[in-house]
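Q:
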Amino acid sequence: MTWGTDWSAVIAAVLMSYGQLLESGHVDRVRRCANPHCTWLFYDESRNASRRWCDPHVCGNLQGVRAHRERSRRQAFRRTAS
74 MTWGTDWSAV IAAVLMSYGQ LLESGHVDRV RRCANPHCTW LFYDESRNAS RRWCDPHVCG
134 NLQGVRAHRE RSRRQAFRRT AS
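The opening position of the sequence shown corresponds to residue 74 in this note's numbering, with each subsequent residue numbered one higher.
So this is what it looks like as structure tokens:
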């Protein structure tokens with residue numbers, strides 16, 4: 074196998090998948106991860122189309138930890154400012 078053959082197969086598979094997505098009419102379900110440091114796109118298969126993270130166990134958890142730390146900092150600041 075050569076690199077050209079390998080990449081051609083990958084590109085062909087991606088284009089086929091994209092064509093199927095366009096035909097399905099569900100392009101609106103393709104989303105960008107809500108983690109500002111992540112560049113992944115994902116297909117939202119949730120029932121009510123509310124998924125926010127490419128992987129809730131990775132990006133969703135990171136954002137949850139960041140939000141918790143920010144809340145903790147604000148509460149600590151309020152206690153010291155009082």
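Glycine is no exception: its CB is placed at the ideal position from the N, C-alpha and C atoms.
Could you work out which residue in Leu88, His110, Ala86 is closest to Arg139 when comparing CA atoms only?
A: His110
Q: Would you check whether the ligand GTP has a heavy atom nearer than 6 Å to the C-beta of Phe150?
A: Of ligands this structure carries none, so the ligand GTP is not represented either.
Q: With a 10 Å radius around its C-beta and 16 neighbouring C-beta atoms as the bar for buried, classify Asn108 as buried or exposed.
A: buried
Q: By the DSSP assignment, the alpha helix (DSSP H) with Arg147 in it spans what residues?
A: That run of the alpha helix (DSSP H) goes 134-154.
Q: I'd like the span of the beta strand (DSSP E) that includes Val103, first residue to last.
A: 103-105
Q: Taking Cβ to Cβ, would you say Gly137 is nearer than 7 Å to Trp126?
A: no
Q: Compare the Cα-Cα distances from Trp124 to each of Leu95, Gly98, Arg104, Arg152 and report the closest residue.
A: As written in the sequence, residue 124 is Arg, which differs from the Trp given in the question. Answer by Cα proximity: Arg104.
Q: Might you give, ordered along the chain, the residues of its own chain that have their beta carbon closer than 7 Å to the beta carbon of Thr116, omitting 5 neighbours on each side?
A: As written in the sequence, residue 116 is Tyr, which differs from the Thr given in the question. Around Tyr116, the same chain offers Arg102, Val103 as residues with beta carbons nearer than 7 Å, after the five sequence neighbours per side are excluded.
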